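Reading through the structure tokens given below for one structure.
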Amino acid sequence: MIILDGKKTSNDIKEEIAIEVAELLSSGKKRPHLAAILVGNDGASETYVNAKVKACEKAGLQSTLVRFEDKVSEEELLAAIEQINQDVSIDGLIVQLPLPKHIDEMKVTESIFPEKDVDGFHPSNIGKMTLNLPTFLPATPAGIIELLTRYNVETSGKHCVVIGRSHIVGSPMSILMARNCDPGNCTVTLTHSRTQNLKAITKTADILIVALGKAEFVNADMVKEGVCVIDVGISRVKSDKTKSGWKLLGDVAFDDVKDKCAYITPVPGGVGPMTIAMLLKNTLLAAKSKS
Ligand code: NAD
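Numbering (this note's numbering), first residue to last: 1280 to 1570.
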């Protein structure tokens, strides 16, 4: 069994980005700049945004965090996005989701200039991804593709089962794995909450990508020998074994499943750090595509 080490791989990627940033600067170009908008003070969102800002520093990217109270109006938020869209010093913009209920998330996503949409959520970028055209891939699916690439996991002709059909993970993941490229060329089954006989399907998976948000949902009984398991889930559960009183669990019961796997990602230290690394890579790409 091989652990797909997202922590190490993401550090490698951040070092590669830092080298490219140094090259940009020495050729007289400016430092790539990511702006992040955070609305409210949800604990998980704060953690994610802070991790993104810290990762920018590590890779030599400039970052700007713009904060709003959770009662900010949609109009005010859209005006701030428009200001960043017009700001030539900023290459990439992300708005941390979820947003308060009174704000239309799709309207916000669509208001970001596609060429600054380094989260890859804009319908225009999703369309380009589907057509296999150059674009910003959504960061989590892109991180999974990068892990499969760097660990030389064979995907062509394999059966890939994806659990979860969210717009940010499951759905784009299923599209990427079916594309005519490497990694890709899989026969893909996209499963979701209405899927019947899920276990019968997951047991046929050569590659199982799990993104449903239910701690330790997938057990050894649901997978076949030699499977490659990618665990996207992050659930914070109470624990009396950690100092903080919390621990993070994936959607896969790691200890139960690992011995049947050819490859598996751990939680934490698997897909999570890769997501952030790919966001930085997209920001670098956005900066380079302007120069
Ligand atoms: P979501 O919450 O938007 O959607 C969950 C999906 O799971 C839905 O499509 C639903 O149909 C499906 N589902 C629910 N119950 C099911 C069941 N019993 N059987 C089959 N399918 C079922 O999902 P999301 O935003 O993609 O998040 C999923 C998990 O991934 C969460 O734990 C989230 O925190 C985590 N996540 C991690 C990263 C990362 O960087 N590691 C990034 C994004 C999300």
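For glycine and all other residues, C-beta sits at the position ideal for the given N, C-alpha and C. On a predicted model such as this, the values are computed, not experimentally measured, just so you know.
- With a threshold of 16 other beta carbon atoms within 10 Å, aspartate 1349 falls short and is exposed.
- The segment 1350 to 1361 makes no contact with the segment 1327 to 1337; the number of CB pairs closer than 8 Å stays below 3.
- For ligand 1, a non-hydrogen atom lies closer than 6 Å to the CB of alanine 1490.
- Counted as a single uninterrupted DSSP element, the stretch harbouring tyrosine 1430 is not any beta strand (DSSP E), since DSSP gives it neither H nor E.
- Taking the Cα positions, aspartate 1519 is about 25 Å away from valine 1550.
- Taking C-beta atoms under 8 Å as the contact rule, glycine 1285 and proline 1552 qualify, at a distance of about 5 Å.
- The Cβ-Cβ distance between isoleucine 1480 and isoleucine 1509 does not fall below 7 Å.
- At least one heavy atom of ligand 1 is found less than 6 Å from the C-beta of valine 1550.
- The closest heavy atom of ligand 1 lies 6 Å or more from the beta carbon of glycine 1322.
- Under the 8 Å Cβ criterion, the segment 1433 to 1451 counts as touching the segment 1464 to 1482, having at least three qualifying pairs.
- Not one heavy atom of ligand 1 sits closer than 6 Å to the Cβ of isoleucine 1423.
- The beta carbon of threonine 1434 sits closer than 8 Å to those of Leu1427, Met1456, Asp1461, Pro1462, Gly1463, Asn1464, Cys1465, Ile1486, all from its chain and outside the five residues before and after it, given in chain order.
- At a Cβ-Cβ threshold of 7 Å, leucine 1283 and threonine 1554 do not count as neighbours.
- Boundaries of the alpha helix (DSSP H) around alanine 1334: 1322 to 1338.
- Taking valine 1506 as reference, the option from Thr1483, Glu1495, Arg1515, Gly1524 with the minimal CA-CA separation is Thr1483.
- For glycine 1449, the enclosing alpha helix (DSSP H) begins and ends at 1449 to 1457.
- When distances are taken from the beta-carbon of histidine 1471 to the heavy atoms of ligand 1, the shortest one is below 6 Å.
- Lysine 1517 is positioned such that its CB atom lies no closer than 7 Å to that of methionine 1280.
- For glycine 1551, the uninterrupted alpha helix (DSSP H) run begins and ends at 1550 to 1569, by DSSP.
- Annotation for phenylalanine 1347: the continuous beta strand (DSSP E) segment containing it runs 1341 to 1347.
- Cβ neighbours of tyrosine 1430 within its own chain (closer than 6 Å, five residues either side excluded): Leu1283.
- Glycine 1512 and leucine 1303 have their C-alpha atoms roughly 36 Å apart.
- For the pair of segments examined, the segment 1307 to 1319 was found to touch the segment 1334 to 1347: the number of CB pairs separated by less than 8 Å reaches three.
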